[in-house]
Amino acid sequence: MNRSPDHPITRSPDLTFLLSAGEASGDTYGAQLIDALRSLAPGSAFFGMGGEKMRASGCELLIDAKDVAVVGLVEVVKHLPDIRRRFKHLVAEAAQRKPDAAILIDFPDFNLRLARELHRRGIPVFYFVSPQIWAWRTGRVRQIKKYVRKMIVIFPFEQEFYARHGVEVSYVGHPLAYEPPPQISREEFAAQHGLDPKKQWIALLPGSRRKEVGLNLPAMIGSARLLQKQSAEFEFLLPVASTLSQDWLREQLEQIPGLKPGSITAPDAALKGRSSTEAVASSTSQPSLSGSSRSSDLTEAEQPPAVTGWSRPSGAPKQARFWLAWGGGLRKELNNTAALAAEVKTEAPRMHLTGNARATLMHSRAAVVASGTATVEAALSGAPFVVVYRLAPLTWILGRRLVKLDTFAMPNLIAGKKIVPELIQKDFTAQNVARELNAIIPGGPARRQMEAALKMVQQRLHDSPDAVSPAHRAARQILGALKSG
Numbered sequence: 044m045n046r047s048p049d050h051p052i053t054r055s056p057d058l059t060f061l062l063s064a065g066e067a068s069g070d071t072y073g074a075q076l077i078d079a080l081r082s083l084a085p086g087s088a089f090f091g092m093g094g095e096k097m098r099a100s101g102c103e104l105l106i107d108a109k110d111v112a113v114v115g116l117v118e119v120v121k122h123l124p125d126i127r128r129r130f131k132h133l134v135a136e137a138a139q140r141k142p143d144a145a146i147l148i149d150f151p152d153f154n155l156r157l158a159r160e161l162h163r164r165g166i167p168v169f170y171f172v173s174p175q176i177w178a179w180r181t182g183r184v185r186q187i188k189k190y191v192r193k194m195i196v197i198f199p200f201e202q203e204f205y206a207r208h209g210v211e212v213s214y215v216g217h218p219l220a221y222e223p224p225p226q227i228s229r230e231e232f233a234a235q236h237g238l239d240p241k242k243q244w245i246a247l248l249p250g251s252r253r254k255e256v257g258l259n260l261p262a263m264i265g266s267a268r269l270l271q272k273q274s275a276e277f278e279f280l281l282p283v284a285s286t287l288s289q290d291w292l293r294e295q296l297e298q299i300p301g302l303k304p305g306s307i308t309a310p311d312a313a314l315k316g317r318s319s320t321e322a323v324a325s326s327t328s329q330p331s332l333s334g335s336s337r338s339s340d341l342t343e344a345e346q347p348p349a350v351t352g353w354s355r356p357s358g359a360p361k362q363a364r365f366w367l368a369w370g371g372g373l374r375k376e377l378n379n380t381a382a383l384a385a386e387v388k389t390e391a392p393r394m395h396l397t398g399n400a401r402a403t404l405m406h407s408r409a410a411v412v413a414s415g416t417a418t419v420e421a422a423l424s425g426a427p428f429v430v431v432y433r434l435a436p437l438t439w440i441l442g443r444r445l446v447k448l449d450t451f452a453m454p455n456l457i458a459g460k461k462i463v464p465e466l467i468q469k470d471f472t473a474q475n476v477a478r479e480l481n482a483i484i485p486g487g488p489a490r491r492q493m494e495a496a497l498k499m500v501q502q503r504l505h506d507s508p509d510a511v512s513p514a515h516r517a518a519r520q521i522l523g524a525l526k527s528g
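The following block contains the structure:
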């Protein structure tokens with residue numbers, strides 16, 4: 044007899060789980076998994092590392108994820124003693140509490156080491172949401188095979204990868220594919236954000252990390268300026284990721300040549316009541332070339348976190364924050380954007396900050412999306428889009444050699460072919476973005492072909508006829524494995 048998703052499959056004894064999630068998306072997935080495990084195994088207790096969503100779901104946080112999520116060589120070296128201390132504390136607590144199982148969620152640099160230590164102490168280790176080892180540093184699969192009892196993956200091609208390497212694996216579907224679409228009409232959305240519903244809306248998603256935004260946003264704004272020159276029928280929407288503040292993003296926009304405070308709108312109401320998947324969709328995660336996470340479509344789980352604690356040197360111009368923080372690659376793009384601003388004699392494009400990436404994408408005619416988890420959200424929305432990404436030049440040169448893929452965007456990996464254009468590194472220019480948008484904004488063969496391909500991706504991500512969420516499926520897999528011994 045089939046059980047409903049909430050029908051308990053174990054009643055006693057009460058179970059204890061260690062969970063470890065280090066990114067915004069992992070926190071969301073962890074909270075969903077806690078809720079599912081509690082419904083299937085009432086009385087279960089949870090402790091470990093995570094964020095506010097996991098805390099709200101009843102997980103005792105021994106480590107706040109934000110305390111270990113740092114990026115950049117200098118930052119990592121600076122915080123390494125503290126990270127090691129917290130890591131050892133978590134391992135010691137696990138040894139003392141002896142949980143029935145540990146569930147690790149992406150975040151490989153921390154979690155693969157944790158898997159080894161837990162395995163040595165006889166604690167069964169399950170991994171929910173795979174690191175993108177199929178993209179780069181594939182040798183890490185040997186660690187997973189040795190220390191992880193079962194991989195529970197959210198992309199269909201990952202199942203084949205792990206099975207090929209002799210790892211026990213189950214595919215449960217992508218959590219975003221099972222979320223209901225936003226219940227807001229185009230007219231309601233327009234009224235909420237001061238938009239003209241008769242115009243064509245273009246969504247710009249530069250990433251969920253400050254460094255990503257710094258590297259990706261200038262060229263996106265340059266492309267908006269080029270579209271604005273063609274027609275006044277466009278409005279540009281920029282969702283504020285849950286990992287960023289509205290004030291910070293507005294400040295960055297004001298530093299881009301040609302944009303003025305009056306051309307940036309952000310109704311307060313628009314930034315309240317984010318969807319439950321906002322942290323996932325806006326975060327992000329592609330194969331990461333940075334070595335720390337899924338920085339491209341390398342997904343958000345491996346994305347570098349926001350840089351904090353940086354201050355502009357005394358006497359430096361306002362633009363120095365952008366330039367010094369993100370280096371020469373951004374300096375060049377800002378110069379290009381300044382040249383465009385001088386060349387394109389049109390009114391600055393209006394940027395409308397929004398608070399819900401999913402609704403923004405659903406109602407947009409087209410989008411420009413930084414490679415990462417947001418590309419999955421974009422594919423699920425059905426709106427045609429262009430994938431972009433830029434890394435610091437040295438990171439790109441060193442990291443590109445390690446990546447085993449010819450494509451970075453997750454929808455292309457899921458489809459097994461290039462269905463959305465990718466503009467990476469030197470190809471990511473305002474002119475190229477505008478050209479690709481001009482191919483998919485009008486109705487025509489290119490747009491229809493992309494829409495059909497995106498529907499195929501949606502079907503692959505939501506390939507089960509039932510409504511059981513991936514978190515419930517994962518919980519069933521874990522509890523079933525524990526029951527069978």
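Just so we're aligned, residue 44 is where the sequence shown starts under our numbering, counting upward by one. Note that beta-carbon positions come from the ideal geometry of N, C-alpha and C, so glycine has one too.
Coarse secondary structure for residue i, derived from DSSP in three states
| i | result |
| --- | --- |
| His395 | strand |
| Trp291 | helix |
| Ile299 | coil |
| Val111 | coil |
| Leu238 | coil |
| Phe153 | helix |
| Pro282 | strand |
| Trp366 | Here the model assigns Trp366 a pLDDT of 30, short of 50, so the residue's position is not dependable, and the following value carries that caveat. Trp366 falls in the helix class under three-state DSSP. |
| Ile264 | helix |
| Ile227 | coil |
| Ala402 | helix |
| Ala135 | helix |
| Ala84 | coil |
| Arg252 | coil |
| His515 | helix |
| Glu222 | coil |
| Leu123 | helix |
| His162 | helix |
| Glu66 | coil |
| Gly528 | coil |
DSSP bridge partner residues for residue i (one or two, in chain order)
| i | result |
| --- | --- |
| Met194 | Tyr170 and Val212 |
| Gln243 | Phe277 |
| Glu103 | Phe90 |
| Val411 | Leu247 and Val429 |
| Ala145 | Leu61 and Val168 |
| Thr308 | His395 |
Rounded C-alpha distance that separates residue i from residue j
| i | j | result |
| --- | --- | --- |
| Lys241 | Arg408 | 11 Å |
| Val430 | Thr71 | 24 Å |
| Phe150 | Glu294 | 30 Å |
| Phe277 | Ser285 | 25 Å |
| Leu525 | Gly91 | 19 Å |
| Trp353 | Lys254 | Here Trp353 scores only 29 on pLDDT, less than 50, and its place in the model is too uncertain to base an answer on. |
| Ala267 | Ser251 | 20 Å |
| Ile264 | Leu258 | 12 Å |
| Gly86 | Cys102 | 13 Å |
| Tyr205 | Ile195 | 10 Å |
| Gln289 | Gln271 | 24 Å |
| Thr59 | Gly93 | 16 Å |
| Leu105 | Ala137 | 11 Å |
| Leu80 | Arg129 | 26 Å |
| Ile227 | Leu287 | 24 Å |
| Phe198 | Gly305 | 43 Å |
| Tyr214 | Gln202 | 6 Å |
| Leu238 | Glu494 | 25 Å |
| Arg519 | Tyr221 | 17 Å |
| Ala309 | Pro513 | 34 Å |
| Leu437 | His236 | 40 Å |
| Ile483 | Leu466 | 15 Å |
| Arg98 | Ala477 | 43 Å |
| Ala402 | Pro223 | 11 Å |
| Gly165 | Ala510 | 35 Å |
| Ala489 | Glu230 | 27 Å |
For residue j and residue i, believed in contact at Cβ under 8 Å, the rounded distance
| i | j | result |
| --- | --- | --- |
| Met499 | Ala458 | 6 Å |
| Thr418 | Ala452 | 5 Å |
| His406 | Phe232 | 5 Å |
| Val411 | Leu247 | 5 Å |
| Gly73 | Ile148 | 5 Å |
| Phe428 | Ala262 | With 8 Å as the limit, Phe428 and Ala262 do not qualify as a contact, their Cβ atoms being about 15 Å apart. |
| Leu76 | Ala517 | 6 Å |
| Val191 | Val168 | 5 Å |
Complete runs of the alpha helix (DSSP H) confined to the region 430 to 512 [at least 4 residues]: 436 to 443, 453 to 458, 473 to 483 and 488 to 504
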